[in-house]
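Undergrad: This structure is in structure tokens; I'll ask about it shortly.
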Amino acid sequence: MKITQLYVYPIKALRPIPLQHAQLTPQGVKYDRTFMLYHVKTKVEADGSSMSTELKKMQLSSYPQCALFEQTIVSRDDGQKEVLVKWHAPSLSTESSEGGEELEQEQAEREKLKRLEAETITVELDPPPRIEELEKVGVDLHGSPTTCYKVGEEYDRWFSERFGFQVVFVYLGDGKRQILGTSLLPPTTASGAHSHSHASSRCQSGQSTPQQQQQPQQQSGGGGGWLSTLSSLTSWFPTVPISVPGFIAIQAEREEEKQQPKPWITFTDVAPLLITSESSLSNLSARLAPCPESTSTESAESTPPQVPMYKLRPNLVLDGEGEEAWAEDYWGELVITSTSSASPTNNNNSNRNRKTKTKLHLTGNCARCTSLNVDYDTGKPAKGEMGTVLKKLMKDRRVDPGMKWSPVFGRYAFVGGTCVDKSGEEKEEGKGREEEEREVWISVDDEVQVTRRNEERTVMDWPF
Numbered sequence: 002m003k004i005t006q007l008y009v010y011p012i013k014a015l016r017p018i019p020l021q022h023a024q025l026t027p028q029g030v031k032y033d034r035t036f037m038l039y040h041v042k043t044k045v046e047a048d049g050s051s052m053s054t055e056l057k058k059m060q061l062s063s064y065p066q067c068a069l070f071e072q073t074i075v076s077r078d079d080g081q082k083e084v085l086v087k088w089h090a091p092s093l094s095t096e097s098s099e100g101g102e103e104l105e106q107e108q109a110e111r112e113k114l115k116r117l118e119a120e121t122i123t124v125e126l127d128p129p130p131r132i133e134e135l136e137k138v139g140v141d142l143h144g145s146p147t148t149c150y151k152v153g154e155e156y157d158r159w160f161s162e163r164f165g166f167q168v169v170f171v172y173l174g175d176g177k178r179q180i181l182g183t184s185l186l187p188p189t190t191a192s193g194a195h196s197h198s199h200a201s202s203r204c205q206s207g208q209s210t211p212q213q214q215q216q217p218q219q220q221s222g223g224g225g226g227w228l229s230t231l232s233s234l235t236s237w238f239p240t241v242p243i244s245v246p247g248f249i250a251i252q253a254e255r256e257e258e259k260q261q262p263k264p265w266i267t268f269t270d271v272a273p274l275l276i277t278s279e280s281s282l283s284n285l286s287a288r289l290a291p292c293p294e295s296t297s298t299e300s301a302e303s304t305p306p307q308v309p310m311y312k313l314r315p316n317l318v319l320d321g322e323g324e325e326a327w328a329e330d331y332w333g334e335l336v337i338t339s340t341s342s343a344s345p346t347n348n349n350n351s352n353r354n355r356k357t358k359t360k361l362h363l364t365g366n367c368a369r370c371t372s373l374n375v376d377y378d379t380g381k382p383a384k385g386e387m388g389t390v391l392k393k394l395m396k397d398r399r400v401d402p403g404m405k406w407s408p409v410f411g412r413y414a415f416v417g418g419t420c421v422d423k424s425g426e427e428k429e430e431g432k433g434r435e436e437e438e439r440e441v442w443i444s445v446d447d448e449v450q451v452t453r454r455n456e457e458r459t460v461m462d463w464p465f
């Protein structure tokens, strides 16, 4: 397979930015969802004596007008990067009022929309806003709270005027959101319960888990046998060296988990990356009925409308070559092979043959919502077949018992290990063929291989 599209969303819920190259970090594509909008809602207390405010997260499912905002990454002459945000006014009715006061109001409204559409705003991206100069604010996203920063009143006013209600624009800064549950955690940081959920995939790749190694002995002899006893001892005395085959590996895995930093996320929903495939999108598009106008043509075969991939809001899109629709449900691990010549940071001709292999751990399914039905031109639910996209998935894509009311499309992923293969290069003395890559880049057309398949679909346990 190959990567066909890459996307980043510096400001969550706004239109995606297509990329040719993307830098990966432990939190996903660099800059992804580091800013977010919240609706400031005022509540009157029951006794009417006071008022309070709450911040409601703004996402396409409940705020479809977010689709009217286009964002672009621009580079200044000094090398700094900014996000340029432009608002697209929804189309007004082409029918004009006959005259009088209604006509004047309509003309005034058109002039206002033209002004709002013409005025853009830029946000510092790299280097980012200076958090020591910003006001802190606590927010919550899907039950995973964090402390972030208000970017400034100028931005709040700009967005509020276009939404028509009070909005606060926030920057994550040094905030970190916790990954809830255990099912989404990548293998190297998973708890014991989560490691067990990966047993089937490890077994398929020829590796046995510690649980699988112990299981046969625990089922025989009633008491679990000497191997089970030694397993208990190592849990009480983890520093005692044991030379029994298999236990050195267990001890090494435990030590690695202690040293591994706990993963965290930005304003992404529940994981750093979202991966989709074109083969599954083709299956979805084929479910839509042909447009009425297309049925009146002389052509015997009418083509249904095509669902654009950006409505799925992925980071990585794969062509699905050689894979059936929905095969990604069972993907447990992918390896992306990138060439240094494709990296935008490569200025060294001697590195053009260098290949970088990046591992991705796919740990969860993406539950879908009404954002699939949004018309990006009107900022409202789409009419006709495009307004039924979510419904088309309901029949047979509610395949995750952890989210039994929502259909699944796409897989959440974490960035794993990366190594560099310097085949064809002259190697320095004492250095091996492979070394760790510090800055990880992937590009459109990079090759992707499924290196582990799960025997069963994963089950989400994020407590939404």
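Residue numbers (the numbering used here): 2 to 465. The beta-carbon is built from N, C-alpha and C at its ideal position, and this holds for glycine as well.
1. According to DSSP, is Thr-371 part of a helix, a strand, or is it coil?
2. With a 10 Å radius around its C-beta and 16 neighbouring C-beta atoms as the bar for buried, classify Gln-106 as buried or exposed.
3. Between the beta-carbon of Val-390 and the beta-carbon of Leu-285, is there less than 9 Å?
4. From Leu-185 to Val-318, what distance separates their C-alpha atoms?
5. Quick one, which of Cys-420, Arg-458, Trp-406 and Pro-382 has its alpha-carbon nearest Ala-68's?
6. Within 10 angstroms of the Cβ of Gln-81, are there 16 or more other Cβ atoms? Answer buried if so, exposed if not.
7. The alpha helix (DSSP H) spanning Arg-163 covers which residue range?
8. For Met-470, collect the residues of the same chain with a Cβ closer than 8 Å to its Cβ; drop the 5 residues on either side in sequence, then sort them by chain order.
9. To the nearest angstrom, report how far apart Asp-127 and Val-75 are at their CA atoms.
10. Spatial neighbours of Val-41 within its chain, please: C-beta separation below 7 Å, excluding the five flanking residues on both sides.
11. Checking 9 Å against the spacing of the C-beta atoms, do Gly-411 and Leu-313 come in under that value?
12. Would you please state the rounded distance, in angstroms, between the beta carbons of Ile-4 and Val-445? I believe it to be under 8 Å.
13. In the stretch 7-87, which residue ranges form an unbroken alpha helix (DSSP H) of at least 4 residues, counting only runs that do not cross its ends?
14. Is Ile-266 near Gly-29, with beta carbons less than 9 Å apart?
15. What residues match up with Arg-131 in a beta bridge as DSSP calls it?
16. For His-199, which residues from the same chain have a beta carbon less than 6 Å from its beta carbon, with the 5 sequence-adjacent residues on both sides left out?
17. Within 10 angstroms of its Cβ, does Leu-25 collect 16 or more other Cβ (buried), or is it exposed?
18. Under a three-way DSSP split, which group does Leu-181 fall into?
19. Note down the Cα distance separating Asp-175 from Ala-287, rounded to an integer number of angstroms.
20. Identify which residue in Lys-384, Cys-420 and Gly-365 has its Cα closest to the Cα of Thr-371.
21. In terms of alpha-carbon separation, which member of Pro-402, Ser-62 and Glu-440 lies closest to Glu-457?
22. Going by DSSP, what residues sit across from Val-409 in a beta bridge?
23. Thinking just about the alpha-carbon of each residue, which of Ile-12, Gln-6 and Ala-14 is nearest to the one in His-22?
24. Tell me whether the beta-carbon of Arg-34 lies closer than 9 Å to the beta-carbon of Tyr-8.
25. Going straight from the alpha carbon of Arg-16 to that of Gln-72, what length do you get?
26. According to the Cβ coordinates, are Phe-268 and Leu-142 closer than 9 Å?
TA: Once the coordinates are examined:
1. Helix, per DSSP.
2. So Gln-106 ends up on the exposed side.
3. Yes, the pair counts as a contact, with Cβ atoms nearer than the cut-off.
4. Answer to the nearest angstrom: the Cα atoms are 20 Å apart.
5. Of Cys-420, Arg-458, Trp-406 and Pro-382, the smallest CA-CA separation from Ala-68 is found for Pro-382.
6. A residue is called buried once 16 or more other Cβ atoms fall within 10 Å of its Cβ, and Gln-81, having fewer, is exposed.
7. Bounds of the alpha helix (DSSP H) holding Arg-163 are 154-164.
8. Residue 470 lies beyond the stretch modelled for the chain, which goes from 2 to 465, so this question has no answer here.
9. Whole-angstrom Cα-Cα distance: 10 Å.
10. Excluding its 5 nearest sequence neighbours in each direction, Val-41 has C-beta neighbours in its own chain below 7 Å: Thr-54, Leu-56, Gln-167, Val-168 and Val-169, listed in chain order.
11. Using a Cβ distance threshold of 9 Å, Gly-411 and Leu-313 count as a contacting pair.
12. For a cut-off of 8 Å, the C-beta gap from Ile-4 to Val-445 is around 5 Å, short enough to register as a contact.
13. You should have found no qualifying run.
14. Cβ distance < 9 Å, so Ile-266 and Gly-29 count as in contact.
15. Bridge partners of Arg-131: none, in fact.
16. With a pLDDT of 43 at His-199, under the threshold of 50, the predicted position of this residue should be treated as unreliable, and no value is reported.
17. Using a 10 angstroms sphere on the CB of Leu-25, the tally of other CB atoms reaches 16 or more, which defines it as buried.
18. DSSP places Leu-181 outside both helix and strand once states are collapsed to three, so it counts as coil.
19. Going by the C-alpha atoms only, they are around 44 Å apart.
20. Of the candidates Lys-384, Cys-420 and Gly-365, Lys-384 places its Cα closest to the Cα of Thr-371.
21. By alpha-carbon distance to Glu-457, the top candidate from Pro-402, Ser-62 and Glu-440 is Pro-402.
22. Under the DSSP definition of a beta bridge, Val-409 partners with Ala-368.
23. Closest by alpha carbon: Gln-6.
24. 9 Å or more divides the Cβ of Arg-34 from the Cβ of Tyr-8.
25. Computed Cα separation, rounded: 6 Å.
26. Yes, the Cβ-Cβ distance between Phe-268 and Leu-142 is below 9 Å.
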